[in-house]
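Listed in order, the protein sequences are those of chains A and B. If you're matching positions, the first sequence starts at 1 in our numbering and goes up one per residue. If you're matching positions, the second sequence starts at 1001 in our numbering and goes up one per residue. Just so you know, even glycine gets a beta-carbon here, dropped at the ideal spot from N, CA and C. The structure presented is a predicted model; accordingly, all values stated were derived computationally and were not measured.
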Amino acid sequence: MHEVDMTRALLRSLETWKQGHAPQLPRVGSVHLEVGSFTCVEPDQLQFSWNAAIRDTWLSGARLLIVTVPLLGRCLGCMATYSPQAEQGYRSPCCSHPMEEIIHGRELRIRSVDYDLSTPSP
Amino acid sequence: MHMPLQDNLGLNLLAANEQQASHNREHFDQWRLLCLNIMSSPGAGKTSLLERSLAQLSGDLAMAVLEGDMTTQLDADRLGALGIPVVPITTGRCCHLDAGMVSGGLKLLCQRLDPAKLDLLWVENVGNLVCPAEFEVGEHLKVALLSVTEGDDKPLKYPVMFREADCVLITKIDLLPYLPVDVDRIEAHIHQVNPRCTVLRLSASSGEGFKAWHQWLWQQLAKHQGPLPLANPMPSPALTTAQG
């Protein structure tokens, strides 16, 4: 459900990007996303709602390529990096320290857009 | 002629929302008011919290509420009974408030009162432990509620919400004698995903814990508005007339 809202937010961000190219209209081939695993977004669901949302729009046919970024934390007990797990309550395995610093895994980033530009017909 | 091109955006997926959120926050800062985003699952007690806090604080602080609700105005009606300006924002099928909706609510609020006369703006989000955590509305602080009836595993199951919160309120503690729940364990789980947040325990039905909660609020107001006394120590006449 919330991936529908995420898709809407993504489309709004891409709309703003498109306006930066006006009066030319970018034809988008693919959109590259980075989605952290410590976010509210499920990549499969996002893909599904993307495909539904772009139908018959200026983005029609554009592919959404999602790279998942795993959660990586730093234990402030011993400064070692670790992969926080829900089952371990996100604690560090080395010192049983709570999850303080997140190095990556919170990304919801549009990395890049592949496109070509067509001049509007006169 | 077509040329294959690539733009490196490095842009947040929610960039459009964040831009609007910053815009809202600029207004709040200009008006010198503190904006709180109140979030929880449905039924954790957001509206009950507001009812008691608004009643206890209305003598000292000028406040207003933006009330997010998916389909009804029931919560807005409950809060409106307290004589505090409430603007309902019906989100339809959307399960969270976003910055654009809050901006719309602000416009309506500005028609009723001078926002520069406010000290505190409460944004009551839609009941949901997932999406509201990712959609900023321009708030200065996020407050998440978790009721003791929801189970001690929720901070680990919905970690993003509790990670993002500046303050977590464990609510309905008057029910603790009747429940096989360990409130210390709830608090420990919150601190495991967010060691720096403030965790407070309270009951909107008995009033227990509200002194500490309001103390925390006053501290945040002082940090935000500068040293006490406040710029707007009493509800302004404009606010009073706007209620009718």
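Supposed contact pair residue j and residue i - C-beta distance, whole angstroms, cut 8 angstroms
i       : j       : result
A/L108  : B/N1012 : 6 angstroms
A/I103  : A/R74   : 6 angstroms
B/D1114 : B/L1034 : Not a contact, Cβ separation roughly 16 angstroms.
A/E3    : A/E42   : 6 angstroms
A/D44   : B/Q1006 : Not really, about 25 angstroms apart at Cβ, beyond 8 angstroms.
B/S1040 : B/A1144 : 6 angstroms
B/P1132 : B/H1096 : 4 angstroms
B/N1024 : B/G1138 : 3 angstroms
A/V69   : A/G36   : 5 angstroms
B/G1080 : B/V1086 : 5 angstroms
B/V1130 : A/C40   : 5 angstroms
B/Q1192 : A/Y82   : That pair is no contact at about 13 angstroms.
B/C1110 : A/D5    : That pair is no contact at about 26 angstroms.
Short CB-CB distance (under 8 angstroms) between residue i and chain A
i       : result
B/A1015 : yes
B/G1010 : yes
B/H1096 : yes
B/A1021 : no
B/E1134 : yes
B/H1189 : yes
B/M1234 : Caution applies to B/M1234, whose pLDDT of 45 falls short of 50 and renders its modelled position unreliable; the value that the coordinates give is listed next. So, not an interface residue.
B/Q1225 : no
Beta carbon proximity, residue i to chain B, threshold 8 angstroms
i     : result
A/L65 : no
A/V60 : Residue 60 of chain A is actually Ser in this sequence, not Val. Judged by the 8 angstroms Cβ criterion, A/S60 is not in contact with chain B.
A/W50 : no
A/T16 : yes
A/D44 : no
Where residue i sits in the DSSP three-state scheme
i       : result
B/P1180 : coil
B/V1086 : strand
A/W17   : helix
A/L76   : coil
B/S1053 : helix
A/M99   : coil
B/T1240 : Its pLDDT being 37, under 50, B/T1240 is placed unreliably in this model, and the value from its coordinates should be taken loosely. B/T1240: helix per DSSP, three-state reduction.
A/T7    : helix
B/Q1006 : strand
A/T81   : strand
A/R27   : strand
A/E107  : coil
B/G1104 : helix
B/M1234 : Confidence is the limiting factor: at B/M1234 the pLDDT is only 45, short of 50, which leaves the residue's position unreliable, though a coordinate-based value still follows. B/M1234: coil per DSSP, three-state reduction.
B/T1091 : coil
B/H1096 : coil
A/D116  : strand
A/E87   : helix
A/T39   : coil
B/L986  : No statement about residue 986 of chain B is possible, as the shown extent of chain B runs from 1001 to 1244 and does not include it.
A/L46   : helix
Contacts of residue i in chain A (Cβ-Cβ under 9 angstroms)
i       : result
B/L1145 : Per Cβ cutoff of 9 angstroms: no residues; B/L1145 is ~18 angstroms from chain A at best.
B/P1004 : G29, D114, Y115 and D116
B/V1193 : P84, G89, Y90, P98 and M99
B/H1027 : Result: empty, since nearest Cβ-Cβ is about 20 angstroms, beyond 9 angstroms.
Per-residue contacts from residue i into chain B (C-beta, under 8 angstroms)
i     : result
A/A86 : L1156, K1157 and P1159
A/R12 : A1016 and N1017
A/L72 : Residues of chain B passing the Cβ test: none, with the nearest at roughly 14 angstroms.
Chain-ordered neighbours of residue i on chain B, where CB pairs are closer than 7 angstroms
i      : result
A/I110 : L1009, L1011 and L1013
A/A9   : L1013, L1014, A1016 and N1017
A/T68  : Simply none; closest approach about 14 angstroms.
A/L25  : Residues of chain B passing the Cβ test: none, with the nearest at roughly 12 angstroms.
Endpoints, alpha helix (DSSP H) assigned at residue i
i       : result
B/A1016 : A1015 to Q1030
A/R91   : From DSSP, A/R91 is part of no alpha helix (DSSP H); its letter is neither H nor E.
B/D1069 : Where B/D1069 is concerned, there is no enclosing alpha helix (DSSP H), although the beta strand (DSSP E) it sits in stretches over M1063 to D1069.
B/W1216 : F1210 to Q1225
B/R1201 : Premise fails: B/R1201 lies in the beta strand (DSSP E), T1198 to R1201, not in any alpha helix (DSSP H).
B/E1164 : P1159 to E1164
B/L1074 : L1074 to G1080
Closer than 9 angstroms at the beta carbon, the chain B residues around residue i
i     : result
A/D56 : Going along chain B, no residue has its Cβ under 9 angstroms from A/D56, so there is no contact; the nearest lies around 21 angstroms.
Run of the beta strand (DSSP E) containing residue i, from where it starts to where it stops
i       : result
B/K1142 : L1141 to S1147
B/E1134 : Segment: none, B/E1134 is in no beta strand (DSSP E) and carries neither H nor E.
A/L59   : From DSSP, A/L59 is part of no beta strand (DSSP E); its letter is neither H nor E.
B/L1034 : L1034 to M1039
B/I1170 : C1167 to T1171
B/V1126 : B/V1126 -> no beta strand (DSSP E), and no H or E assigned at all.
Checklist entry - Along the stretch 75-105 of chain A, what residues have a CB closer than 7 angstroms to any CB found in chain D? => result Among the protein chains in the structure shown, which are A and B, there is no chain D.
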